[in-house]
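Enquirer:
Numbering (our numbering), first residue to last: 720 to 981.
1) Is residue 879 helix, strand or coil when you go by DSSP?
2) Pull up the CB-CB distance for residue 869 and residue 895, whole angstroms please, since I reckon it's below 8 Å.
3) Kindly identify the DSSP beta-bridge partner or partners of residue 941.
4) For residue 951, which option in 802, 922, 785, 937 has the closest C-alpha, if you only look at C-alpha atoms?
5) Report the CB separation of residue 885 from residue 840 in whole angstroms; it is logged as a contact under 8 Å.
6) Spatial neighbours of residue 937 within its chain, please: C-beta separation below 6 Å, excluding the five flanking residues on both sides.
7) Per DSSP, what are the beta-bridge partners of residue 824 in this structure?
8) When we look at the beta-carbon of residue 898 and count the other beta-carbons within 10 Å, is it buried (16 or more) or exposed?
9) Less than 8 Å between CB atoms is the rule here; does residue 814 satisfy it with respect to chain C?
10) Am I right that residue 883 and residue 939 are in contact with their C-beta atoms under 8 Å? What's the rounded C-beta distance?
11) Using the beta-carbon count (16 or more within 10 Å), is residue 892 buried or exposed?
12) Going straight from the alpha carbon of residue 931 to that of residue 799, what length do you get?
13) With a threshold of 7 Å on Cβ separation, who are the neighbours of residue 943 within its own chain once the five nearest residues in sequence on each side are excluded?
14) Identify, in the order they occur along the chain, each residue of the same chain with its Cβ nearer than 6 Å to the Cβ of residue 823, setting aside the five sequence neighbours on each side.
15) Pull up the distance between the alpha-carbon of residue 782 and that of residue 914, whole angstroms please.
16) DSSP state of residue 1037, grouped into three classes?
17) What's the call for residue 830, buried or exposed, on a 16-neighbour Cβ count within 10 Å?
18) If you drop the 5 nearest sequence neighbours on each side, which residues of the same chain put their C-beta closer than 6 Å to that of residue 842?
19) Given residue 865, which residues of its chain have a CB within under 8 Å of its CB, disregarding the five upstream and five downstream residues?
20) Give the straight-line distance between the Cα atoms of residue 1009 and residue 780, rounded to the nearest whole angstrom.
Here it is in structure tokens:
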């Protein structure tokens, strides 16, 4: 008696019988279902969240005294030596000095009492060089309001420069959060009368979360006194006698218009 097998002979070789094919399909289906289950399990598993360490946002504020002007020789405007210093200011922010140039300028309003244009005139060359305007919304006595405006309207990386009366620069610094422990210039009335060559560089920092711009999130990190390294020619015997400059020349009462364009 001839024994039969479960294989059917075809032209191309062996092929599975119907029973074998059914069993194999069932096996493949089970394997496929198992792989789908594994995929769904992995997809549903919680993905670990990697917390990125953010770099704190920073900004800087420069506090400048107005340029030279010795009373009563020049009135409310800068002397020639003061104009020379004002024209020197843009070079402070050249690449070689490594100081980031300001994007906003503030100066005492020359149209309000005591009607002094010296602070405004000090920033004219810098404003022209940077192609930005000078905010003169604030007068003497508005130091706290000025500080609130500076800290409340800044983006990360901003740089602000302020030109103010030397006896009140400390008041501006204090309103910005600076203390005497950080710099002696952060005290009202502490600025030396004959010092026109230094300015205060204040650095601020906050953890920027992408939404909050409230000024309370800014915190001063440090404050330093920086020397410009500029010595103009003297305008008055008083300057010469104190060694604040070299030589001596007559002070010219230069108007704001001539100062900006001559």
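Glycine included, every Cβ here is placed at the ideal spot set by N, Cα and C.
Expert: According to the structure shown:
1) In the structure shown, the three-state DSSP call for residue 879 is strand.
2) Between residue 895 and residue 869 the Cβ distance is about 7 Å, and since that is below 8 Å, they are a contact.
3) DSSP lists 922 as partners of residue 941.
4) Measuring from the Cα of residue 951, the nearest candidate turns out to be 802.
5) At roughly 15 Å, the Cβ-Cβ gap does not stay under 8 Å, so residue 885 and residue 840 are not in contact.
6) These residues qualify, in order along the chain: 870, 923, 925.
7) Answer is 853, 880.
8) Using a 10 angstroms sphere on the CB of residue 898, the tally of other CB atoms stays under 16, which defines it as exposed.
9) No chain C is present in this structure, which holds just one protein chain.
10) No, residue 883 and residue 939 are not in contact; Cβ-Cβ is about 17 Å, not under 8 Å.
11) Buried, by the Cβ-count rule.
12) In this predicted model, residue 931 has a pLDDT of only 48, less than 50, meaning its place in the structure is not dependable; the value taken from the coordinates is given anyway. Looking at the two C-alpha atoms, the distance is approximately 45 Å.
13) Its chain contains 902, 920 as the residues whose beta carbon lies nearer than 7 Å to that of residue 943, once the 5 sequence neighbours on both sides are disregarded; these appear in chain order.
14) 879.
15) Straight across, the Cα-Cα distance linking residue 782 with residue 914 is about 13 Å.
16) One cannot answer for residue 1037 here, as it falls past the ends of the chain, which runs 720 to 981.
17) Exposed, since its Cβ has fewer than 16 Cβ neighbours within 10 Å.
18) Apart from sequence neighbours up to five positions away, the residues of its chain that approach residue 842 with a beta-carbon distance below 6 Å are 824, 826, 853, 882, ordered along the chain.
19) The beta carbon of residue 865 is closer than 8 Å to those of 825, 857, 881, 891, 894 in its chain, skipping five residues each way along the sequence.
20) Any question about residue 1009 goes unanswered here, given that the chain covers just 720 to 981.
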